[in-house]
Amino acid sequence: MSFYEYKPGKEYIARLDHFADLLEAITELAQNTKIKAGRFTAIGALKNAKIGYYNQDMKKYEDIVFNQHCELAACIGNVSLKDGGVFVHAHVVLSDDAGNSKSGHLISGRVFAAEVHLTELTGPDLERKYDGLTGLSLWDIK
Amino acid sequence: MSFYEYKPGKEYIARLDHFADLLEAITELAQNTKIKAGRFTAIGALKNAKIGYYNQDMKKYEDIVFNQHCELAACIGNVSLKDGGVFVHAHVVLSDDAGNSKSGHLISGRVFAAEVHLTELTGPDLERKYDGLTGLSLWDIK
Amino acid sequence: MSFYEYKPGKEYIARLDHFADLLEAITELAQNTKIKAGRFTAIGALKNAKIGYYNQDMKKYEDIVFNQHCELAACIGNVSLKDGGVFVHAHVVLSDDAGNSKSGHLISGRVFAAEVHLTELTGPDLERKYDGLTGLSLWDIK
Chain A
827 MSFYEYKPGK EYIARLDHFA DLLEAITELA QNTKIKAGRF TAIGALKNAK IGYYNQDMKK
887 YEDIVFNQHC ELAACIGNVS LKDGGVFVHA HVVLSDDAGN SKSGHLISGR VFAAEVHLTE
947 LTGPDLERKY DGLTGLSLWD IK
Chain B
827 MSFYEYKPGK EYIARLDHFA DLLEAITELA QNTKIKAGRF TAIGALKNAK IGYYNQDMKK
887 YEDIVFNQHC ELAACIGNVS LKDGGVFVHA HVVLSDDAGN SKSGHLISGR VFAAEVHLTE
947 LTGPDLERKY DGLTGLSLWD IK
Chain C
827 MSFYEYKPGK EYIARLDHFA DLLEAITELA QNTKIKAGRF TAIGALKNAK IGYYNQDMKK
887 YEDIVFNQHC ELAACIGNVS LKDGGVFVHA HVVLSDDAGN SKSGHLISGR VFAAEVHLTE
947 LTGPDLERKY DGLTGLSLWD IK
């Protein structure tokens with residue numbers, strides 16, 4: 827494994843706007859707070875969402891559309907740098923009116939209400955670079 | 827979006843009592859540690875649980891009863907203030923003996939065993955107020 | 827409930843190796859960073875996994891084999907001490923190509939790609955001891 831050591835920075839508590847896109851809003855939060863490296867969790871409810879399943883053989887994401895009101899039962903993610911800008915990577919667990927759960931890589935989601943807990947990490951730049959083995963943009967930790 | 831900035835406060839590691847109610851026990855933990863704003867995660871196992879799905883059209887929670895022993899596969903939540911007291915908002919992912927998952931807003935749950943990681947956030951008061959658009963008590967961030 | 831108070835220590839961001847075992851790799855991360863008490867979250871994708879459902883009546887884990895490529899939609903866990911060594915306890919939510927979710931106690935999982943956010947907690951030793959009531963090794967918090 828490879829890892830970087832950080833110090834805990836500032837903490838942010840955010841209420842996302844009704845109708846915002848979940849991924850865009852968290853990205854905007856990272857930009858507004860000038861966070862370059864961070865981690866977060868979130869909970870709430872969405873009006874709909876699109877999540878991704880990574881096809882490890884084909885090396886591409888397959889879309890899973892969740893076209894209904896749902897609970898954002900869990901959201902875990904991080905903030906790092908990619909192509910010179912802030913990049914948010916998030917996974918979500920969504921649930922329908924019976925509690926049944928769909929989960930995966932967050933592509934987009936319309937916010938009904940969402941609460942985000944974001945921690946800034948202060949230390950080395952955390953950059954993503956293309957990794958040929960997986961086809962993903964992974965952290966390039968020296 | 828609207829957000830508040832905090833400094834990381836104390837960290838708490840808690841073992842909840844066998845047979846306690848999960849939501850009440852986390853609320854009691856926040857009260858005992860005098861936390862007014864915080865975030866937490868938890869894992870464990872429950873004897874049973876009741877979770878909520880928020881009906882966005884009707885603006886009310888619908889109960890989903892999970893009347894069986896289950897893993898508390900994930901729990902993410904936060905501590906803030908509501909009506910002058912400490913208020914815990916938590917979402918959970920539960921799973922049965924086949925690993926199948928039900929998730930949503932935590933209403934109640936009987937603890938078999940549970941481990942909580944709670945972080946105090948020091949900074950502005952984080953108060954919930956009724957939001958007419960969603961029908962929920964959301965953070966009133968100035 | 828019983829709880830310990832900690833101060834936030836160092837923060838670690840780790841990229842796990844392709845083909846590593848998820849539980850072993852997080853344990854190795856805790857060992858390499860000399861963390862004795864901590865909490866973490868992680869996201870990524872696995873090639874396969876084995877998770878546990880705890881049979882509360884029989885007091886033993888039952889294995890659930892997830893023998894397919896999957897998203898690591900959520901992973902929440904902690905680091906403490908057991909039998910003199912570092913012990914990682916983690917729960918996971920996994921999802922298949924339709925987003926359907928299996929979750930439970932992490933026993934093992936082959937990493938495709940995984941990102942871990944680990945927080946060191948500085949304070950009292952956090953030791954696990956056998957608990958007859960549950961049959962589990964729980965935190966022995968004084």
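Chains as they are written, first to last, in the working numbering: chain A, 827 to 968; chain B, 827 to 968; chain C, 827 to 968. Every residue, glycine too, gets a C-beta built ideally from N, C-alpha and C. A quick note: this is a predicted structure, and the numbers were derived from the prediction, not measured.
**Message:** Check this for me: beta carbons of C/V905 and C/A868, under 7 Å apart or not?
**Reply:** no
**Beta-carbon contacts of B/L849 that lie in its chain and below 8 Å, excluding the five residues immediately before and after** = V914, A916, L932, I933, S934, G935
**Option in A/V942, A/S828, A/A840, A/V918 with minimal Cα separation from A/I877** = A/V918
**Message:** Check whether the segment 939-946 of chain C and the segment 857-866 of chain C touch, using three or more Cβ-Cβ pairs below 8 Å as the test.
**Reply:** yes
**Asked** Any idea what DSSP makes of C/L932, helix, strand or coil?
**Response** strand
**Prompt:** Under 7 Å between the Cβ atoms of A/L952 and C/A939?
**Reply:** no
**Selected residue, minimal CA-CA separation from A/D843, among B/M827, B/A899, B/I902, B/T960** = B/M827
**Asked** Would you call A/E897 buried or exposed, if buried means 16 or more other Cβ atoms sit within 10 Å of its Cβ?
**Response** buried
**Request:** Please name the residues in the segment 893-904 of chain A whose beta-carbon is closer than 7 Å to at least one beta-carbon of chain C, in chain order.
**Result:** A900, I902, G903, N904
**Request:** Measure the C-alpha to C-alpha separation of A/Y879 and A/Y956 and round it to an integer number of angstroms.
**Result:** 18 Å
**Item:** Identity of the residues DSSP links to C/G903 by a beta bridge
**Value:** C/F866, C/A916
**Request:** Flag this pair as yes or no: are the beta carbons of A/Y832 and A/G930 separated by less than 7 Å?
**Result:** no
**Item:** Whole-angstrom distance between B/V937 and B/S921, CA atom to CA atom
**Value:** 14 Å
**Request:** Could you work out which residue in A/K968, A/P834, A/Q894, A/I852 is closest to A/A840 when comparing CA atoms only?
**Result:** A/I852
**Asked** Among the residues of its own chain, which have a CB less than 6 Å from the CB of B/A900, if the five just before and after it don't count?
**Response** V919
**Prompt:** DSSP puts C/P834 in a beta bridge; with which residues?
**Reply:** C/L947
**Request:** Anything in the segment 831-844 of chain C with a Cβ closer than 8 Å to a Cβ of chain A? List those residues in chain order, please.
**Result:** P834, K836, E837, Y838, I839, A840, R841, L842, D843, H844
**B/N926 (DSSP reduced to helix, strand or coil)** = strand
**Asked** Between A/R865 and A/K908, is the Cβ-Cβ spacing less than 7 Å?
**Response** no
**Prompt:** Going straight from the alpha carbon of C/E888 to that of B/D923, what length do you get?
**Reply:** 8 Å
**Message:** Looking at C/E837: is its Cβ nearer than 7 Å to the Cβ of A/P834?
**Reply:** yes
**Asked** Cβ of B/H895 within 7 Å of Cβ of B/K928?
**Response** no
**Message:** Please list the terminal residues of the continuous beta strand (DSSP E) segment that includes A/I890.
**Reply:** 886-892
**Asked** Can you tell me where the alpha helix (DSSP H) with B/L783 in it begins and where it stops?
**Response** Lying before the first or after the last residue shown, residue 783 of chain B is absent from chain B, which here runs from 827 to 968.
**Message:** In the DSSP output, which residue or residues are listed as bridge partners for A/G961?
**Reply:** DSSP, once it has assigned bridges, lists no residue as partnering A/G961.
**Request:** Under 6 Å Cβ to Cβ from A/D966, same chain only, skipping five residues before and after it: list those, please.
**Result:** E953, K955
**Secondary structure of C/G910, DSSP reduced to three states** = coil
**Proximity test, Cβ basis, 7 Å: C/I869 and chain A** = yes
**Request:** With a 10 Å radius around its C-beta and 16 neighbouring C-beta atoms as the bar for buried, classify B/L964 as buried or exposed.
**Result:** buried
**Request:** Identify the contact partners of B/N926 in chain C, using a Cβ-Cβ distance below 9 Å as the criterion.
**Result:** N926, S927, K928, S929
**Any chain A beta carbon closer than 7 Å to B/L872** = no
**Prompt:** Should A/F829 be flagged as near chain C, meaning a C-beta pair shorter than 7 Å?
**Reply:** yes
**Request:** Confirm, please, whether the CB-CB distance from C/G925 to A/I890 is below 7 Å.
**Result:** yes
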